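Asks:
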Amino acid sequence: MSATALTRRPGFGRLAAARAPLHLISLAVVALVVAAALLAPWLAPYDPNQVDLGAALAGPSADHLLGVDAAGRDTLARLLLGARTSLLGPLGVVAFSSLAGIAVGVVAGWRGGWLDSVLSRSTELVFAFPGMLLAVLIVAVSGEGLLAPVIALAVAYLPYVSRLTRSLVLAERERPYVAAHRVQGHSALQICLRHVVPNIAPVVLAQSAVNFGYALMDLAGLSFLGLGVPALTPDWGRMVFDGQTAIQHGYPLSAILPCLAIVLTVVAFNVVGERWADQVARRDPR
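Every letter in the sequence shown is one number past the one before it in UniProt numbering, and letter 236, counting from 1, is 236.
1. Measure the CB-CB distance between R194 and G109 and report whether it falls below 8 angstroms.
2. Is it buried or exposed, V141, if we count other Cβ atoms within 10 angstroms and call 16 or more buried?
3. So, using beta-carbon positions, are L80 and H249 closer together than 8 angstroms?
4. If you measure between the beta carbons of A209 and W276, is that distance less than 8 angstroms?
5. Just tell me which of M239, L222, L32, L65 has its CA closest to the CA of Y46.
6. List the residues that DSSP assigns as beta-bridge partners of D74.
7. Whole angstroms are fine: how far does the CA of A148 sit from the CA of V139?
8. Identify, in the order they occur along the chain, each residue of the same chain with its Cβ nearer than 8 angstroms to the Cβ of G213, setting aside the five sequence neighbours on each side.
9. Is A201 near the ligand SAM, in the sense that its beta carbon is under 7 angstroms from a heavy atom of that ligand?
10. Helix, strand or coil: how does DSSP classify Q207 here?
11. Can you find the residues in the same chain that come closer than 7 angstroms, C-beta to C-beta, to A5, ignoring five residues on each side of it along the sequence?
12. Given a cut-off of 8 angstroms, decide if I102 and V161 are closer than it, judged by their beta-carbon atoms.
13. Please report the Cβ distance between S254 and A246, rounded to the nearest whole angstrom; I am assuming they are in contact, meaning their Cβ atoms lie under 8 angstroms.
14. Count the CB pairs spanning the region 123 to 138 and the region 190 to 207 that are closer than 8 angstroms, and state whether there are at least three.
15. Following the continuous alpha helix (DSSP H) through D116, name the residue where it begins and the one where it ends.
16. Go to Q248, then tell me how far its alpha helix (DSSP H) extends in each direction, as first and last residue.
17. Are the CB atoms of D235 and S86 nearer to each other than 8 angstroms?
18. Short check: CB of D52 to CB of G72, under 8 angstroms?
19. Cutting at 7 angstroms between CB atoms, please list the residues of its own chain near G226, excluding the five before and the five after it.
20. Should A70 go down as buried or exposed, given a rule of 16 or more other Cβ atoms within 10 Å for buried?
21. Taking the C-alpha atoms as reference points, what is the distance between D63 and E172?
22. Alpha carbons only, please: which of R84, S187, A28 is nearest the one belonging to W42?
23. Is A154 closer than 8 angstroms to S223 when the C-beta atoms are compared?
24. Applying the criterion that 16 or more other CB atoms from any shown protein chain within 10 Å of the CB defines a buried residue, is R238 buried or exposed?
25. Suppose the cutoff is 8 angstroms on Cβ atoms and the five residues either side in sequence are ignored; what does the same chain contact list for A206 look like?
26. Can you tell me whether R163 is buried or exposed? The criterion is at least 16 other CB atoms within 10 Å of its CB, across all chains shown.
27. Locate the alpha helix (DSSP H) running through residue 288, then write down its first and last residues.
28. Please report how far the alpha carbon of P252 lies from the alpha carbon of G59, in whole angstroms.
29. When the Cα of L219 is compared with those of V34, A36, L88, L27, which residue comes out closest?
30. Less than 8 angstroms between the CB atoms is what I'm expecting for L134 and V229, so what's the real figure, rounded?
31. Could you name the residues of the same chain whose beta carbon sits closer than 7 angstroms to that of V30, not counting the 5 residues immediately before and after it, in chain order?
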C-alpha cells in the first residue's frame, strides 16, 4: 500500500470536491463586491446623500430599484458607495497589521533568545486587551473618522500575524537552504528578505484574507454604534444603524440589504482565505 493511501483520509476527495463550488461562489462574491466598490461612482443611480423626503421609506420601484431609506436617500446608491468605505477600512487594517506583524514575527523567530521573549510577551499583552474596546477608546478621544478605528484594530490584529509568522520562521530557519546561504556568506537580512519572507508569504497572506473579513465585521460594528465614519458617509454598518427607524415603521429593506452585504462579504473572504491556506498546506506540508 502506498504512502498516499496510508495518509489520505477517507472521503477527503469528496470533501474537497464539495468545497470547490463554495470556493468559486466566494471568489465570485469577492470579485463582485470589489468591482462594485471600484465602479460605484458610475453605477450609482443617484448621489448617495441626495434627499427626497416625498419618497422616504418607499419600496423598490423603477426609480429606486432597492427602495429609499427613512431619510429619503436611495438605498442602491448608498449600498454601492458604502462598499468603498466598507472595504477601504479593512484593507488598511490588514495592510498595517500584516506588514508590522511580519516584521515582528521574523525578528522574533530568527533572532530568538531574549528578543524573542520580549516581543512575544508584548504581543500577548495586546491579546489581553480587546480590539473593539481599544477602538472605542481611541474613537472617543479622537472623534469620528475612519483612521482611528483602523489604527486600533490594526494593533489588535498584529499579534495574530506576528505569532503565525514567528512559528513559520522557526521552522524555515532550520531548512537546508538557510544553512547553505549562511555558508556562502549571506547576511541574515539578505536570507530573510530574499528567501524566508517570500517562502512564508503565501501562508501569511491566506491568514490576512481571513483577517480582512473579521476586520470588515468589526468596523461595521463600530459604524453601527456611531463610532466609525461620519453620519453622511455611505457605509454598510452606518446603513444598518440608520435602517433601525425604517424597521420600526415596517420597512426593513434598507437595513436588511447592508446586513446581507456584510455577511456575504465576510463569509466569502473567510472561505477564500481558508481555501488558500489549504492549498498552501497541501503544496508544502512541512
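In this text, a Cβ means the ideal position worked out from N, Cα and C, and glycines have one as well. Owing to the predicted nature of the structure, the values given are computational and were not obtained by experimental measurement.
Replies: In this structure, then:
1. Walking along the sequence shown from the start, residue 194 turns up at place 194. Walking along the sequence shown from the start, residue 109 turns up at place 109. Not closer than 8 angstroms, so no.
2. On the sequence shown, residue 141 is found 141 positions in, with the first residue counted as 1. Per the 10 Å Cβ criterion, exposed.
3. Residue numbering aside, residue 80 sits at position 80 when the sequence shown is read from its first letter. Residue numbering aside, residue 249 sits at position 249 when the sequence shown is read from its first letter. Going by C-beta atoms, L80 is not nearer than 8 angstroms to H249.
4. Looking up residue 209 in the sequence shown gives position 209. Looking up residue 276 in the sequence shown gives position 276. For A209 and W276, yes; Cβs fall inside 8 angstroms.
5. Here residue 46 refers to the residue found at position 46 of the sequence shown. Ranking M239, L222, L32, L65 by Cα distance to Y46 puts L65 first.
6. Numbered from its first residue, the sequence shown carries residue 74 at position 74. V68.
7. For the purposes of this step, residue 139 is taken as residue 139 along the sequence shown, with counting starting at 1. For the purposes of this step, residue 148 is taken as residue 148 along the sequence shown, with counting starting at 1. Between V139 and A148, the C-alpha separation is close to 6 angstroms.
8. Sequence index remark: in the sequence shown, residue 213 carries index 213 (1-based). Only P90, T265, V266, V267, A268, F269, N270, G273 meet the Cβ criterion.
9. The ligand SAM is not part of the structure shown, which contains no ligands of any sort.
10. Position 207 of the sequence shown, counting from 1, holds the residue named residue 207. DSSP places Q207 in helix when its eight states are reduced to three.
11. On the sequence shown, position 5 is the one that residue 5 refers to. The predicted model places A5 with a pLDDT of 37, which falls under 50 and marks its position as unreliable; any figure quoted below should be read in that light. Nothing meets the Cβ criterion.
12. As a working note, residue 161 is residue 161 in the sequence shown. As a working note, residue 102 is residue 102 in the sequence shown. Contact flag set, yes.
13. Mapped onto the sequence shown, residue 254 falls at position 254. Mapped onto the sequence shown, residue 246 falls at position 246. Rounded, the Cβ-Cβ distance is 5 angstroms, consistent with contact.
14. no
15. In the sequence shown, counting from the first residue as 1, residue 116 sits at position 116. DSSP places D116 inside the alpha helix (DSSP H), whose first and last residues are 113 to 127.
16. As a working mapping, residue 248 is identified with position 248 in the sequence shown. Taken as a continuous stretch (DSSP letters only), the alpha helix (DSSP H) holding Q248 covers 236 to 248.
17. To locate residue 235, count along the sequence shown from 1; it is residue 235. To locate residue 86, count along the sequence shown from 1; it is residue 86. It is a contact, given that the beta carbons lie within the stated cut-off.
18. Sequence index remark: in the sequence shown, residue 52 carries index 52 (1-based). Sequence index remark: in the sequence shown, residue 72 carries index 72 (1-based). Their beta carbons are under 8 angstroms apart, which means D52 touches G72 by this criterion.
19. Counting from 1 along the sequence shown, the entry for residue 226 is found at position 226. Closer than 7 angstroms at Cβ, skipping near neighbours: F241.
20. By 1-based counting over the sequence shown, the position of residue 70 is 70. Buried: at least 16 other Cβ atoms inside 10 Å.
21. Mapped onto the sequence shown, residue 63 falls at position 63. Mapped onto the sequence shown, residue 172 falls at position 172. If I take the Cα positions, the gap works out to 59 angstroms.
22. Walking along the sequence shown from the start, residue 42 turns up at place 42. Checking every option, the nearest Cα to that of W42 belongs to R84.
23. Here residue 223 refers to the residue found at position 223 of the sequence shown. Here residue 154 refers to the residue found at position 154 of the sequence shown. Cβ distance not < 8 angstroms, so S223 and A154 don't count as in contact.
24. Looking up residue 238 in the sequence shown gives position 238. So R238 ends up on the buried side.
25. For the purposes of this step, residue 206 is taken as residue 206 along the sequence shown, with counting starting at 1. Same-chain partners within the cutoff: G273, E274, W276, A277, V280.
26. Here residue 163 refers to the residue found at position 163 when the sequence shown is read from its first residue. By the 10 Å Cβ count, R163 comes out buried.
27. There is no way to answer for residue 288, as the model of the chain reaches only from 1 to 286.
28. What you label residue 252 is simply residue 252 of the sequence shown in a count that begins at 1. What you label residue 59 is simply residue 59 of the sequence shown in a count that begins at 1. Rounded to the nearest whole angstrom, the CA to CA distance from P252 to G59 is 10 angstroms.
29. Position 219 of the sequence shown, counted from the first residue, corresponds to residue 219. The shortest Cα separation from L219 among V34, A36, L88, L27 belongs to L88.
30. Residue 134 sits at position 134 when you count from the first residue of the sequence shown. Residue 229 sits at position 229 when you count from the first residue of the sequence shown. 18 angstroms between Cβ atoms; not a contact.
31. Position 30 of the sequence shown, counting from 1, holds the residue named residue 30. So the qualifying residues of the chain are A268, F269, V272.
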